[in-house]
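A.B. asks: Each residue of the sequence shown is one higher than the last, beginning at 904 in my numbering. Just dropping this structure here.
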Amino acid sequence: MDMKPLVQRERNGACYKATSQSQSGENEKSSSDNQDDKLLEKTELEDFTVQEAIDHIGFGWFQIKLSIVSGLTWMADSMEIMLLSILGPVLSCEWDLQPWKQALLTTLVMVGMAAGSSFWGKMSDQHGRKTALALASSLIGYFGLLSAFSPMYLWMAICRFLVGCCLAALPQTVTLYSEYLPTHSRAACLIALEAFFAIGAAVEVVLAMIIIPTLGWRYLMVVSALPVLFFPIFSPWLPESARYLLTCGRHKEAAALLESVARDNGKTPPRGKLSLQNLETGERGRIRDLYQQGSRRLSIFLNTLWFMLGFSYYGMALLLPTLLNKPDGCH
């Protein structure tokens, strides 16, 4: 009996077995590598930022409600500013004010805004934007109502200065609003929000035309102080800044907040873990950091731009009633 074919078959069988084992090992290794890649990919997808979550959820009913509340707050800010140009000539006649005293009422509001901006900025960073806005809005309404009962010029000057100090917090409305806007619609929504500022100024003028001739300027001040109270009234519904919650280490609250936003919009929140990533959790920023190398030119440019805008806009808005007033306009 020839043993060669048998030996050959045994060798071939052993070779096939070895080859199969080798291929099986390679397949297992390849499968293991694929699983590792998928696990790595999954791990990478698990971390997402607040902005990535908002972009995933998109624009919906939540943003619409927030737009209305933010817009009403912005209207209230505009009404308080426009009130200055209306009250000046009226108070000048009633209290026989010298021109510098009339101008000082307007100036004190602006000085108050400048003085209060730093305080409210720190307040927002330490206690949250929602808390700062609710407190500032309540105080604006309170001091606005006190202004209506001013028995003398000094009382009015102090109240308007305190109103100005609290008005400095209202730009935080735009900050809070922008944090919940998807990237693709943020610019359009923020520009549209400015329409509320113009509407507020127009409403204040119409109210003045109706109320002052019939009821007097004190009633106008009462009515003008009411819209700003919308924010503290609706503040239980309003969200806190998710970024603020994260920087405070309140991750579960931030995640729950984003889930609530998703439910309002009829969407599902992104899967994974909410991450700080680029958010700073260490030392707080300082104003002088804005003027360091790399951001100095932009900061100076923006400061100059805002100064020119404020000078032009408020200069025209506050000066125009005085220019149009008759020399013997008191009657």
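Glycine is no exception: its CB is placed at the ideal position from the N, C-alpha and C atoms. Just so it is clear, the structure is predicted and the values come from calculations on it, not from any experiment.
(1) From the DSSP output, in three-state form, read off lysine 1170 for me.
(2) Closer than 7 Å by C-beta to tyrosine 1217: which residues in its own chain qualify, once you throw out the five before and the five after it? Chain order, please.
(3) For aspartate 1028, which of helix, strand or coil comes out of DSSP?
(4) Across which residues does DSSP place lysine 1176 in a beta bridge pair?
(5) Quick one: grab the DSSP three-state call for leucine 1057.
(6) Excluding the 5 residues flanking leucine 1049 on each side, which residues of the same chain have their C-beta closer than 6 Å to its C-beta?
(7) By alpha-carbon positions, which one of Arg1153, Arg1191 and Leu1007 ends up nearest to leucine 1057?
(8) Just mark histidine 1087 as buried or exposed, buried being the case when its beta carbon has 16 or more other beta carbons within 10 Å.
(9) State the Cα-Cα distance for the pair valine 1109 and asparagine 1206, rounded to the nearest angstrom.
(10) Here's the rule: buried if 16 or more other CB atoms are within 10 angstroms of the residue's CB, otherwise exposed. What is alanine 1165?
(11) Identify the continuous alpha helix (DSSP H) that holds aspartate 980 and give its terminal residues.
(12) Should tryptophan 1209 go down as buried or exposed, given a rule of 16 or more other Cβ atoms within 10 Å for buried?
(13) Grab me the residues of valine 910's own chain with a C-beta within less than 6 Å of its C-beta, minus the 5 sequence neighbours each way, in chain order.
(14) Which residue's Cα is closest to the Cα of serine 1127: Arg1032, Trp1023, Ser1040 and Glu1143?
(15) Between the stretch 1061–1080 and the stretch 1020–1028, do at least 3 Cβ pairs fall closer than 8 Å?
(16) For the stretch 1169–1180 against the stretch 1005–1020, are there 3 or more C-beta pairs whose distance is under 8 Å?
(17) Please state whether DSSP places proline 1142 in a helix, a strand or coil.
(18) Buried or exposed: where does aspartate 999 fall if 16 or more other Cβ atoms within 10 Å of its Cβ makes it buried?
(19) Taking threonine 1009 and leucine 1221 to be in contact with their CB atoms under 8 Å, please state how far apart those CB atoms are, rounded to whole angstroms.
(20) Using the beta-carbon count (16 or more within 10 Å), is arginine 1032 buried or exposed?
(21) How about valine 1125 and threonine 976: do their beta carbons lie closer than 9 Å?
(22) Please list, in chain order, all residues of the same chain as methionine 1059 whose beta carbon is under 8 Å from its beta carbon, the five residues on each side excluded.
(23) Do you know whose CA, among Ala1159, Leu1193 and Pro1135, lies nearest isoleucine 1043's CA?
(24) Apart from the five residues on each side of it in sequence, which residues of its chain come closer than 7 Å, Cβ to Cβ, to glutamine 891?
(25) Just verifying my parser: in three-state terms, what is the DSSP assignment at cysteine 1151?
(26) What's the C-alpha gap between threonine 952 and phenylalanine 1099?
(27) Just to confirm my understanding: we take glycine 1019, look at its own chain, exclude 5 residues before and 5 after, and list those with CB closer than 6 Å. What are they?
(28) Kindly indicate the opening and closing residues of the alpha helix (DSSP H) around proline 1116.
(29) Taking Cβ to Cβ, would you say leucine 969 is nearer than 9 Å to leucine 1036?
(30) Identify whether phenylalanine 1214 lies in helix, strand or coil by the three-state DSSP scheme.
C.D. replies: If we stick to the structure as given:
(1) As a position in the sequence shown, residue 1170 is number 267, starting the count at 1. Lysine 1170 falls in the coil class under three-state DSSP.
(2) The residue you call residue 1217 lines up with position 314 of the sequence shown. Here the set comprises nothing.
(3) Sequence index remark: in the sequence shown, residue 1028 carries index 125 (1-based). Reduced to three states, the DSSP call for aspartate 1028 is helix.
(4) Mapped onto the sequence shown, residue 1176 falls at position 273. Its beta-bridge partners are Asp950.
(5) In the sequence shown, residue 1057 corresponds to position 154, counting from 1. Note: leucine 1057 maps to helix in three-state DSSP.
(6) Position 146 of the sequence shown, counting from 1, holds the residue named residue 1049. Cys1062.
(7) Start at 1 with the first residue of the sequence shown, and residue 1057 comes out as number 154. Among Arg1153, Arg1191 and Leu1007, the Cα nearest to that of leucine 1057 is on Leu1007.
(8) Locating residue 1087 in the sequence shown gives position 184, counting from the first residue. So histidine 1087 ends up on the exposed side.
(9) Your numbering for residue 1109 matches position 206 in the sequence shown. Your numbering for residue 1206 matches position 303 in the sequence shown. Between valine 1109 and asparagine 1206, the C-alpha separation is close to 33 Å.
(10) Mapped onto the sequence shown, residue 1165 falls at position 262. Its Cβ being crowded by 16 or more others within 10 Å, alanine 1165 is buried.
(11) In the sequence shown, the residue the question calls residue 980 occupies position 77. That run of the alpha helix (DSSP H) goes 964–997.
(12) For this step, residue 1209 is matched to residue 306 along the sequence shown. Exposed, since its Cβ has fewer than 16 Cβ neighbours within 10 Å.
(13) Start at 1 with the first residue of the sequence shown, and residue 910 comes out as number 7. Because valine 910 carries a pLDDT of 42, less than 50, the predicted location of this residue cannot be relied on, and no value is offered for it.
(14) Here residue 1127 refers to the residue found at position 224 of the sequence shown. Nearest of Arg1032, Trp1023, Ser1040 and Glu1143 to serine 1127, Cα basis: Ser1040.
(15) yes
(16) no
(17) As a first step, residue 1142 is located in the sequence shown; it is residue number 239 there, counting from the start. Residue state, collapsed to three classes: coil.
(18) Start at 1 with the first residue of the sequence shown, and residue 999 comes out as number 96. It is exposed - the Cβ of aspartate 999 has fewer than 16 other Cβ atoms within 10 Å.
(19) Locating residue 1009 in the sequence shown gives position 106, where the first residue counts as 1. Locating residue 1221 in the sequence shown gives position 318, where the first residue counts as 1. Going by Cβ atoms, the distance from threonine 1009 to leucine 1221 rounds to 5 Å, so yes, they are a contact pair.
(20) Here residue 1032 is taken as the residue at index 129 of the sequence shown, counted from 1. Buried, because 16 or more other Cβ atoms sit within 10 Å of the Cβ of arginine 1032.
(21) The residue given as residue 1125 occupies position 222 in the sequence shown. The residue given as residue 976 occupies position 73 in the sequence shown. For valine 1125 and threonine 976, no; Cβs fall outside 9 Å.
(22) For this step, residue 1059 is matched to residue 156 along the sequence shown. Result list for methionine 1059: Leu994, Leu1008, Ser1050 and Ser1053, in chain order.
(23) To locate residue 1043, count along the sequence shown from 1; it is residue 140. Considering only alpha carbons, the answer is Pro1135.
(24) This structure cannot settle anything about residue 891, because the visible part of the chain is limited to 904 through 1234.
(25) Taking the first residue of the sequence shown as position 1, residue 1151 is located at position 248. Coil at cysteine 1151, not helix or strand.
(26) Here residue 952 corresponds to residue number 49 of the sequence shown, with the count starting at 1. Here residue 1099 corresponds to residue number 196 of the sequence shown, with the count starting at 1. Cα-Cα distance, rounded: 30 Å.
(27) Translated into the one-based positions of the sequence shown, residue 1019 becomes position 116. Correct list, in chain order: Cys1068 and Ala1071.
(28) As a working note, residue 1116 is residue 213 in the sequence shown. 1086–1117 is the span of the alpha helix (DSSP H), which, as asked, contains proline 1116.
(29) Taking the sequence shown and counting its residues from 1, the one referred to as residue 969 is at position 66. Taking the sequence shown and counting its residues from 1, the one referred to as residue 1036 is at position 133. Cβ distance not < 9 Å, so leucine 969 and leucine 1036 don't count as in contact.
(30) Locating residue 1214 in the sequence shown gives position 311, where the first residue counts as 1. Here phenylalanine 1214 sits in helix by DSSP.
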